[in-house]
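Structure first, commentary second.
Protein chains in written order, with the numbering used here: chain A, 1 to 107; chain E, 108 to 225.
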């Protein structure tokens, strides 16, 4: 199975800050890497697919990049509504593993 | 718009089975894969497996293998996930999500809380 790791596991930043989350895969997943945000008590929602493509309706302050085993998600100018837990997931092979999550809070 | 609506919360005793439904609307169920993901209290997301509603082919996570069955009823655009021999560690919110092949999970159900309690 491909193991996904994320760093940091949590972070606290000010509104307006630039935030970067890293996701690493134990084996190459090409560009089949997706990012989700889960806010408290709700289902996850898709932010980014195939490593760098914004899902419909996702604000342009979100961006992502990477290929192979290392990926990043960046939030330019953090807003209060961005608070929650961010998960990466590979859909290159079964099982479709998720990372452990990065919890983002506002200072 | 496309959406997935799941059945309500369940409370089950250890050793019992649970069957969660997920009704698709706004798109054709057979056009996309359908995955099941669970989340234990305070924990991360765990992929359980997926079904191709077009041909009924399934792929289950090894952890779920032997206890889970995923099916679809295309006449009602509904997917089902049955989990047998429940243990306390099966207590979780169970989500269905559109996707399962290489595509991302772009639509999620609202989640179904399954509590295993004696």
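For each residue, glycine too, the CB sits at the ideal point set by N, CA and C.
Short Cβ contact (7 angstroms threshold) for residue i with residue j
i, j, result
"residue 31 of chain A", "residue 13 of chain A", "no"
"residue 167 of chain E", "residue 156 of chain E", "yes"
"residue 22 of chain A", "residue 72 of chain A", "yes"
"residue 129 of chain E", "residue 152 of chain E", "no"
"residue 184 of chain E", "residue 116 of chain E", "no"
"residue 217 of chain E", "residue 43 of chain A", "yes"
"residue 154 of chain E", "residue 79 of chain A", "no"
"residue 211 of chain E", "residue 34 of chain A", "yes"
"residue 121 of chain E", "residue 141 of chain E", "no"
"residue 119 of chain A", "residue 6 of chain A", "Nothing about residue 119 of chain A can be reported from this structure: the residues present for chain A run from 1 to 107 only."
"residue 40 of chain A", "residue 103 of chain A", "no"
Within chain A, partners of residue i - CB distance below 8 angstroms
i, result
"residue 209 of chain E", "32, 91, 92"
"residue 199 of chain E", "Those within 8 angstroms of residue 199 of chain E in chain A number zero; the least Cβ separation is about 13 angstroms."
Cross-chain neighbours of residue i in chain A, by beta carbon under 7 angstroms
i, result
"residue 217 of chain E", "43"
"residue 166 of chain E", "94"
"residue 202 of chain E", "43"
Chain-ordered chain E contacts of residue i [CB-CB under 8 angstroms]
i, result
"residue 97 of chain A", "154"
"residue 100 of chain A", "151"
"residue 49 of chain A", "210, 211, 213"
Bridge-paired residues (DSSP) for residue i
i, result
"residue 104 of chain A", "A:11, A:84"
"residue 62 of chain A", "A:75"
"residue 38 of chain A", "A:85"
"residue 130 of chain E", "E:112, E:185"
"residue 214 of chain E", "E:205"
"residue 25 of chain A", "A:4"
"residue 150 of chain E", "DSSP, once it has assigned bridges, lists no residue as partnering residue 150 of chain E."
Amino acids of chain E, ordered along the chain, whose beta-carbon sits closer than 7 angstroms to that of residue i
i, result
"residue 46 of chain A", "211, 212, 213"
Residues that residue i contacts on chain A, provided the C-beta gap is smaller than 9 angstroms
i, result
"residue 114 of chain E", "Those within 9 angstroms of residue 114 of chain E in chain A number zero; the least Cβ separation is about 15 angstroms."
"residue 142 of chain E", "96"
Chain-ordered neighbours of residue i on chain C, where CB pairs are closer than 9 angstroms
i, result
"residue 87 of chain A", "Absence of chain C from the displayed structure is noted, the protein chains being A and E."
Cβ-heavy atom distance, residue i to the ligand ADP, below 6 angstroms
i, result
"residue 19 of chain A", "The ligand ADP is not part of the structure shown, which contains no ligands of any sort."
Report yes or no: do the segment 177-184 of chain E and the segment 15-35 of chain A share at least 3 C-beta pairs separated by less than 8 angstroms? Taking a contact to require three or more Cβ pairs closer than 8 angstroms, the segment 177-184 of chain E and the segment 15-35 of chain A do not qualify as touching.
Taking 8 angstroms as the threshold, find out whether the segment 122-131 of chain E comes into contact with the segment 214-223 of chain E through three or more Cβ pairs. Under the 8 angstroms Cβ criterion, the segment 122-131 of chain E counts as touching the segment 214-223 of chain E, having at least three qualifying pairs.
Could you tell me whether the segment 143-151 of chain E touches the segment 53-66 of chain A, where touching means 3 or more Cβ pairs closer than 8 angstroms? Contact between the segment 143-151 of chain E and the segment 53-66 of chain A is absent, because fewer than three Cβ pairs lie under 8 angstroms.
Any chance the segment 202-210 of chain E sits against the segment 90-102 of chain A, with 3 or more Cβ pairs inside 8 angstroms? Yes, since at least three Cβ pairs between the segment 202-210 of chain E and the segment 90-102 of chain A fall closer than 8 angstroms, the two stretches touch.
In chain order, which continuous runs of the beta strand (DSSP E) of length 3 or greater are located wholly inside the segment 152-204 of chain E? Listed in chain order, they are 153-158, 165-167, 175-180, 185-190.
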